[in-house]
Structures are given as C-alpha cells and as structure tokens.
Amino acid sequence: MNSKIIGYHGTHSKNVDSIIKNGYRLSGEKEWFGRGVYFFQDYSSITNGFEEAKLWAINVKKFKKSAVLQSLIISTKYFDLVDNIEHRKYYDKLRKSLTELHKKSGKDIKDFHDHIIFNKLSEEDNIDFIRACVDAGRNYGYYSIVVRRLQVQICVRNSNCIKENKCIYKE
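All the letters of the sequence shown, read from the start, carry residue numbers 238 to 408 under this note's numbering.
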C-alpha cells in the first residue's frame with residue numbers, strides 16, 4: 238500500500254533554495270535511524286511536525302536564521318514503528334538478535350545504538366523510509382517513564398520518494 242506522508246524539515250534559511258533546486262543531502266550512517274533525510278510529522282493532536290522542525294533548527298542546531306520545508310513523501314517500501322504492530326515485533330526481534338551478537342563479540346552494550354538496527358533493516362529489506370516515535374524530552378536529567386514530548390520522526394533513506402518540497406517558514 239502506498240503511504241503518503243507530509244514531513245517537516247528544519248534547516249538554515251540559506252539552504253532552502255539549494256534543497257528546492259537539488260534535493261536534500263543525506264545524513265551520515267550513525268544518525269539515530271541511520272543514513273537519510275530527517276523529517277518531523279504531525280500526529281493527531283499529540284505532536285506538531287512544523288513546530289518540532291522549527292524548534293530543532295533553532296534550539297538544537299542553533300541556526301541564527303532558520304527555515305522549515307514541507308515535503309511530500311510517497312512510497313510502498315517503508316518501516317513504520319508508529320502504527321504497525323508487525324513492524325514493531327520485527328524490530329524487537331532484530332534488536333534482540335543484533336544486541337546478542339554485539340555482546341558476544343565482546344563489545345559493551347553501552348556502545349550499541351539504534352542506527353545499527355535500522356542500517357541492518359534497510360540493507361535486508363530495501364526500505365525507503367523509517368517512521369518512529371521519539372521522546373524529545375528524554376534528557377531532562379532524570380529517568381521518567383512519562384513521555385513528555387513525543388515526536389514522530391521520519392528518516393527517508395531513498396530520496397527518490399520525496400516528491401514535493403516547499404518552504405513554509407523562513408527567517
């Protein structure tokens with residue numbers, strides 16, 4: 238089934254024209270979900286993708302002049318950890334297998350990261366994009382089971398599934 242998603246990408250305002258003309262540049266393999274272009278998505282009334290993209294550009298990247306692009310993402314080859322229970326079960330199975338291999342090789346589990354799972358998944362299953370929930374408020378200095386600031390993030394690994402880009406905010 239074709240999935241159509243609107244994603245929001247925060248960036249420096251100087252990058253807007255280049256992205257619209259030439260497309261996005263993929264991030265490195267060690268990012269959260271591995272190599273790809275990262276977007277935020279609206280999800281019900283729980284999270285606002287536009288606001289999260291804007292806040293990321295301003296607060297995380299510390300851009301003096303920020304911008305938010307809105308992109309249409311279309312594909313049948315995606316991995317959805319938000320709304321697909323079977324995908325979550327497969328992720329858990331793969332995570333268990335890969336963490337066991339990691340420990341058996343003598344490596345510390347603290348050195349294991351999610352991008353290892355997503356890179357393996359993408360190699361095996363030819364995934365165009367990954368969609369997952371992230372707790373943006375997880376680093377407030379103490380452990381909490383409460384998800385304080387949910388984000389739905391998308392990592393587009395195949396930029397050919399990004400069909401439209403437009404700037405919707407620019408300082």
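All C-beta atoms in this analysis are idealised placements derived from N, C-alpha and C, irrespective of residue type, glycine included.
| Asked | Found |
| --- | --- |
| For Ile405, I'd like the list of residues in its chain whose CB is within less than 6 Å of its CB, leaving aside the five on either flank, ordered along the chain. | Val305 and Gln307 |
| Between the Cα of Asp329 and those of Asp279, Lys347, Ile354 and Val389, spot the shortest distance and give me the residue it belongs to. | Ile354 |
| Within the same chain, show all residues whose beta-carbon is closer than 6 Å to that of Gly271, passing over the 5 residues directly before and after it, in chain order. | His352, Phe355 and Asn356 |
| Please confirm if the region 383-399 is in contact with the region 361-370, defined as three or more CB-CB distances below 8 Å between the two stretches. | yes |
| Once DSSP output is grouped into helix, strand and coil, what is the label at Val319? | coil |
| Could you tell me which uninterrupted beta strand (DSSP E) segments, each at least 3 residues in length, are contained entirely in the region 286-371, listed from first to last along the chain? | 303-312 and 315-317 |
| On the criterion of 16 or more Cβ atoms from any shown chain inside 10 Å, does Arg262 qualify as buried, or is it exposed? | exposed |
| Taking only runs of the beta strand (DSSP E) that begin and end inside the region 254-284, which ones reach a length of at least 3 residues, in chain order? | 274-278 |
| Across which residues does DSSP place Glu408 in a beta bridge pair? | According to DSSP, which records beta bridges pairwise, Glu408 is partnered with nothing at all. |
| State the CB to CB distance for the pair His246 and Val274, rounded to an integer number of angstroms; the pair is presumed to be in contact (CB under 8 Å). | 7 Å |
| How would you label Leu318, buried or exposed, when you count the other beta carbons within 10 angstroms and need 16 or more for buried? | buried |
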